[in-house]
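If you read the sequences in order, they're chains A and B.
Going by the numbering used here, the final residue of the first sequence carries number 457, and the count climbs one at a time with no gaps.
Going by the numbering used here, the final residue of the second sequence carries number 457, and the count climbs one at a time with no gaps.
Step one of this worksheet: look at the structure below.
There are 2 protein chains.
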Amino acid sequence: MADPQTYLEQQSERYYDDLLSLLRIPSISTDPARAADVRATAEWVAERMRAAGLEGVRLLETAGHPAVYGQWLGAPDGPTLLFYGHYDVQPPDPLDEWVSPPFEPTLREGRLYARGADDMKGNLLLPIVACEAWLRTGGALPVNVKFVFEGEEEIGSPHFGDLLAEHQALLACDRAICTDGGQLAEDQPTVGVGTRGIAAAEIHVRTANTDLHSGLAGGLAPNPIHVLANLLATMISADGRITVDGFYDEVIPPSAEERAAIAAVPDDSSLLQDRSGLRGLVGEAGYTAMERNSARPTLEVNGIWGGYQGAGTKTVIPAEAHAKITCRLVPDQEPAGVIEHLREHVARHAPAFAEATVVTLPGSSDPFLVPGDEPTLLAAEHVLEGLYGRAPYRTRSGGSVGALPLLRRYLGVSAVTIGFGLAAGGAHAPNEFLPLDLWRRGQRVYAMLLDALAEQD
Amino acid sequence: MADPQTYLEQQSERYYDDLLSLLRIPSISTDPARAADVRATAEWVAERMRAAGLEGVRLLETAGHPAVYGQWLGAPDGPTLLFYGHYDVQPPDPLDEWVSPPFEPTLREGRLYARGADDMKGNLLLPIVACEAWLRTGGALPVNVKFVFEGEEEIGSPHFGDLLAEHQALLACDRAICTDGGQLAEDQPTVGVGTRGIAAAEIHVRTANTDLHSGLAGGLAPNPIHVLANLLATMISADGRITVDGFYDEVIPPSAEERAAIAAVPDDSSLLQDRSGLRGLVGEAGYTAMERNSARPTLEVNGIWGGYQGAGTKTVIPAEAHAKITCRLVPDQEPAGVIEHLREHVARHAPAFAEATVVTLPGSSDPFLVPGDEPTLLAAEHVLEGLYGRAPYRTRSGGSVGALPLLRRYLGVSAVTIGFGLAAGGAHAPNEFLPLDLWRRGQRVYAMLLDALAEQD
Numbered sequence: 001m002a003d004p005q006t007y008l009e010q011q012s013e014r015y016y017d018d019l020l021s022l023l024r025i026p027s028i029s030t031d032p033a034r035a036a037d038v039r040a041t042a043e044w045v046a047e048r049m050r051a052a053g054l055e056g057v058r059l060l061e062t063a064g065h066p067a068v069y070g071q072w073l074g075a076p077d078g079p080t081l082l083f084y085g086h087y088d089v090q091p092p093d094p095l096d097e098w099v100s101p102p103f104e105p106t107l108r109e110g111r112l113y114a115r116g117a118d119d120m121k122g123n124l125l126l127p128i129v130a131c132e133a134w135l136r137t138g139g140a141l142p143v144n145v146k147f148v149f150e151g152e153e154e155i156g157s158p159h160f161g162d163l164l165a166e167h168q169a170l171l172a173c174d175r176a177i178c179t180d181g182g183q184l185a186e187d188q189p190t191v192g193v194g195t196r197g198i199a200a201a202e203i204h205v206r207t208a209n210t211d212l213h214s215g216l217a218g219g220l221a222p223n224p225i226h227v228l229a230n231l232l233a234t235m236i237s238a239d240g241r242i243t244v245d246g247f248y249d250e251v252i253p254p255s256a257e258e259r260a261a262i263a264a265v266p267d268d269s270s271l272l273q274d275r276s277g278l279r280g281l282v283g284e285a286g287y288t289a290m291e292r293n294s295a296r297p298t299l300e301v302n303g304i305w306g307g308y309q310g311a312g313t314k315t316v317i318p319a320e321a322h323a324k325i326t327c328r329l330v331p332d333q334e335p336a337g338v339i340e341h342l343r344e345h346v347a348r349h350a351p352a353f354a355e356a357t358v359v360t361l362p363g364s365s366d367p368f369l370v371p372g373d374e375p376t377l378l379a380a381e382h383v384l385e386g387l388y389g390r391a392p393y394r395t396r397s398g399g400s401v402g403a404l405p406l407l408r409r410y411l412g413v414s415a416v417t418i419g420f421g422l423a424a425g426g427a428h429a430p431n432e433f434l435p436l437d438l439w440r441r442g443q444r445v446y447a448m449l450l451d452a453l454a455e456q457d
Numbered sequence: 001m002a003d004p005q006t007y008l009e010q011q012s013e014r015y016y017d018d019l020l021s022l023l024r025i026p027s028i029s030t031d032p033a034r035a036a037d038v039r040a041t042a043e044w045v046a047e048r049m050r051a052a053g054l055e056g057v058r059l060l061e062t063a064g065h066p067a068v069y070g071q072w073l074g075a076p077d078g079p080t081l082l083f084y085g086h087y088d089v090q091p092p093d094p095l096d097e098w099v100s101p102p103f104e105p106t107l108r109e110g111r112l113y114a115r116g117a118d119d120m121k122g123n124l125l126l127p128i129v130a131c132e133a134w135l136r137t138g139g140a141l142p143v144n145v146k147f148v149f150e151g152e153e154e155i156g157s158p159h160f161g162d163l164l165a166e167h168q169a170l171l172a173c174d175r176a177i178c179t180d181g182g183q184l185a186e187d188q189p190t191v192g193v194g195t196r197g198i199a200a201a202e203i204h205v206r207t208a209n210t211d212l213h214s215g216l217a218g219g220l221a222p223n224p225i226h227v228l229a230n231l232l233a234t235m236i237s238a239d240g241r242i243t244v245d246g247f248y249d250e251v252i253p254p255s256a257e258e259r260a261a262i263a264a265v266p267d268d269s270s271l272l273q274d275r276s277g278l279r280g281l282v283g284e285a286g287y288t289a290m291e292r293n294s295a296r297p298t299l300e301v302n303g304i305w306g307g308y309q310g311a312g313t314k315t316v317i318p319a320e321a322h323a324k325i326t327c328r329l330v331p332d333q334e335p336a337g338v339i340e341h342l343r344e345h346v347a348r349h350a351p352a353f354a355e356a357t358v359v360t361l362p363g364s365s366d367p368f369l370v371p372g373d374e375p376t377l378l379a380a381e382h383v384l385e386g387l388y389g390r391a392p393y394r395t396r397s398g399g400s401v402g403a404l405p406l407l408r409r410y411l412g413v414s415a416v417t418i419g420f421g422l423a424a425g426g427a428h429a430p431n432e433f434l435p436l437d438l439w440r441r442g443q444r445v446y447a448m449l450l451d452a453l454a455e456q457d
């Protein structure tokens, strides 16, 4: 009987066919007209799990699209590893920019083009076939595994917290892998160890019960736009430091080890600058671009409005003005605490003649960072370095992934993120693709990772 | 033969009937459906001028509604006095708040209620019947007179500058009275001596060629709303002084005489505060409320917008942000010069990573102030004090009246504003009214004023 790695090679064509089948189902979670396709995809994934030899496979229903669950718990003394991921995809628009149709996967020069090829139907199959390889060759896995693949990641995982709360016992685990990652280059393994959180709020400023005539009231009536502008101007200093009172109180500065890990990753901020037509980069003094973009918090005004916005002039002193603010958070900031700092800051700095209120908006999430000595992280790095011949990058994302802090909150695990597409693989864009050689290497990584986690325990 | 004052008393009933006739025509200049009524009103006024014995009466056509012209030039050695006013009215909405229909003038307790009763069909008739009284009793006026009553004042006098340019010779004069004023109280004569000008602009801030992801670009990309807020925050100090570089360079501070005149008028700013629900008044330190509201310039943000304004959160760093600004101007500020100060200020204070531009908007007008020794002013004050038994207030309006600086620019005259309705007479609002006793007193004022100007010459 072959070993798992040999089995994976032998089944290569079949797995490729599986991938094509999965990519053909348009599981667009945001489109109500595709709800049946989303469910069909969940059923397909469940069936594929069963075929791999996983047990207890079933759909976990939510108020939205279902999640798919599967397990293998035949290693009573070993740790339990949870694979998190999603089977839904982004809409394919704009359709006319696709070289081949988004739901007709097409191979060109070693790259498979399809919506979801990179994000993340290719990645979804990897741990399933890795388990299959172990089960078909030795009849057992080195560790216990559980799978939970949700169907709403691309719409912000609105029901994933509820699902974790409801199935906390079922999903209990010791380790977790988020399979929704990628690599910065084909030969450069990458491990995602952090995402920033989000706190969201609106500031409302009111100074009058009605708009006023700028001539008859001008020189007397306060202007809420001036008040709001002054408030916003108190929130960031000229050197990019956030000056909301207390804002940094809970921030843990990146350690020397973390700063070294960030410094090891090539600085790609000039790409952003060129692509977006920026005349310069900004941010908190004392930190590198890559640190500012991942390991330091931000405060952004996402929108502002008040008074007259139409053509020409309206000589009015408005009654009110508004701004939307989101902060990206790092450990140990908490959304509610950050909003409270903002609320107190606004109360302290608003003039007596203005009613200035801070209202929390939905959409918050906690910051997330895998501890540097997390066993799953060390195991993944060990396997990846062995296969690629170079140390993986440890990356922290500037964005936010709601599922990761939720997994920590409900299951107590720090999920390490890996993936075998490319950061430039067109996730969410036309002509999304997956390099097939990378995908096949990913199968081997997962098979080895199961073993590495067992040996570590 | 009676003297003019006796004649006015004798004709009182007939003049009242004239006023009712004039008020019944809905000369709503902003409503295209009322264009025929507007012209009918012009014709009515022209016919009434002819009946009064005025000469050369005709309509002066414009690209919009016509103006009405009339003259009497039989005093070759006397000065020529121009009466400026308008025959158009505001729309009567909201109709259901009128106690009696707006175009069915109704007398209740000595007040005649109708749209235009106060602003300014009542005032329009006064100099006509005053001239009639002189012409019917002595066959001549003490001075030469010209009339120009426009039909577009309520829509901002959009063609009045063109009209003055075209008819500069026809309208040449030595003195001018703007008949579009009012009194602060029934027993308190009031002379309007100034209005503020307007400069209008938009500020556009752009930092990127597209909106950016606040996570992936956060800590790197500049935020145009922060830039705009910071720019606006540099424009007014905490004590209400406008801190746009050079803004006050051309401002002539009010003289001691002017400050005394302003101080003589009761401070009604608390009315504004109460009515508008203001928690406090603001403005430039070192000046009284009434000075700030009339004799000092202002800078107001009339509107602001940028980024996302919808429900909930959008985690975006916008590409651009915008604000509309108007300044109220006092002598010797000029709109173009003020915008240039603003442009230079923005250029100096905008960071290098932002493209910040200042675009002039239409709607500018010059500030206007009648010199304290202007003969028309002294004559009007003399007549009013004699009739009322108390010195008139000299008031400067915080608002802007385009016609006054245009009369100065094209005809070289400083028009003094008088009127015989009440400031609280509901101009532009439902239940506009005219106190009839005040209106009858106004007839006498105009008759005496013609004489006073002749004696002065």
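We treat Cβ as the ideally placed atom computed from N, Cα and C, and that holds for glycine.
Which same chain residues end up closer than 8 Å to residue i when comparing Cβ atoms and leaving out the 5 residues on each side of it in sequence?
| i | result |
| --- | --- |
| residue 393 of chain B | 184, 188, 189, 190, 191, 261, 264, 265 |
| residue 313 of chain A | none |
| residue 248 of chain B | 242, 297 |
Could you tell me which residues DSSP pairs with residue i in its beta bridges?
| i | result |
| --- | --- |
| residue 432 of chain B | Residue 432 of chain B pairs with nothing; no bridge assigned. |
| residue 393 of chain B | B/190 |
At which residues does the beta strand (DSSP E) containing residue i begin and terminate?
| i | result |
| --- | --- |
| residue 305 of chain A | 298 to 307 |
| residue 322 of chain B | 320 to 329 |
| residue 248 of chain B | Run containing residue 248 of chain B: none; DSSP gives neither H nor E here. |
| residue 106 of chain A | 106 to 108 |
| residue 357 of chain A | 355 to 360 |
| residue 204 of chain B | 197 to 206 |
Might you give, ordered along the chain, the residues of its own chain that have their beta carbon closer than 7 Å to the beta carbon of residue i, omitting 5 neighbours on each side?
| i | result |
| --- | --- |
| residue 377 of chain B | 191, 193, 370, 416 |
| residue 332 of chain B | 250, 252 |
| residue 440 of chain A | 12 |
| residue 401 of chain B | 195 |
Would DSSP call residue i helix, strand or coil?
| i | result |
| --- | --- |
| residue 151 of chain B | coil |
| residue 173 of chain A | coil |
| residue 160 of chain B | helix |
| residue 277 of chain B | coil |
| residue 144 of chain A | strand |
Looking only at its chain, what residues have a beta carbon closer than 6 Å to the beta carbon of residue i, apart from the 5 residues adjacent to it on each side?
| i | result |
| --- | --- |
| residue 101 of chain A | none |
| residue 135 of chain B | 53 |
| residue 321 of chain A | 205, 224, 225, 228, 306 |
| residue 181 of chain B | 192, 417, 418, 419 |
| residue 434 of chain B | 112, 117, 118, 122, 421 |
| residue 456 of chain B | 375, 379 |
| residue 147 of chain A | 70, 83 |
If you follow the alpha helix (DSSP H) that residue i is part of, which residue opens it and which one closes it?
| i | result |
| --- | --- |
| residue 10 of chain A | 4 to 10 |
| residue 134 of chain B | 122 to 138 |
| residue 382 of chain A | 375 to 388 |
| residue 263 of chain A | 256 to 264 |
query: Taking any Cβ of chain A, which residues in the segment 271 to 289 of chain B have a Cβ under 9 Å from it, in chain order?
result: For chain A, the residues of the segment 271 to 289 of chain B that bring a beta carbon within less than 9 Å of one of its beta carbons are 272, 273, 275, 276, 277, 278, 279, 280, 281, 282, 283, 284, 287, 289, in chain order.
- prompt: Taking a cut of 8 Å between CB atoms, which residues from the segment 411 to 429 of chain A lie near chain B?
  reply: Within the segment 411 to 429 of chain A, no residue has a Cβ lying closer than 8 Å to any Cβ of chain B.
query: Going along the chain, which residues of the segment 197 to 230 of chain B sit with their C-beta nearer than 8 Å to a C-beta in chain A?
result: From the segment 197 to 230 of chain B, only 198, 200, 207, 208, 209, 210, 212, 213, 214, 215, 216, 217, 218, 219, 220, 221, 222, 223, 225, 226, 228, 229, 230 have a Cβ closer than 8 Å to chain A.
message: Closer than 8 Å between beta carbons: that is the criterion. Which residues of the segment 396 to 409 of chain B meet it against chain A?
response: Taken in chain order, the members of the segment 396 to 409 of chain B whose beta-carbon sits within less than 8 Å of a beta-carbon on chain A are 397, 398, 399, 400.
- request: Quick one: which residues of the segment 363 to 379 of chain B get their C-beta closer than 8 Å to a C-beta of chain A? List them in chain order.
  value: Cβ contacts with chain A come from 363.
query: Between the segment 296 to 309 of chain B and chain A, which residues of the former have CB atoms less than 7 Å from a CB of the latter, in chain order?
result: Listed by position along the chain: 296, 298, 300, 301, 302, 303, 304, 305, 306, 307, 308, 309.
- request: Taking only beta carbons into account, state which residues of the segment 25 to 58 of chain B come closer than 9 Å to chain A, listed in chain order.
  value: Listed in sequence order: no entries.
message: Residues of the segment 320 to 336 of chain A in Cβ contact with chain B at a cutoff of 7 Å, in chain order, please.
response: When CB distances to chain B are screened at a threshold of 7 Å, the residues of the segment 320 to 336 of chain A falling below it are 321, 324, 326, 328, in chain order.
task: Could you list the residues in the segment 151 to 168 of chain A with a C-beta less than 8 Å from some C-beta on chain B, going in chain order?
output: So nothing in the stretch comes that close.
message: Taking beta-carbon pairs under 9 Å, can you tell me which members of the segment 252 to 263 of chain B lie near chain A?
response: So the list is empty, because no residue satisfies the distance condition.
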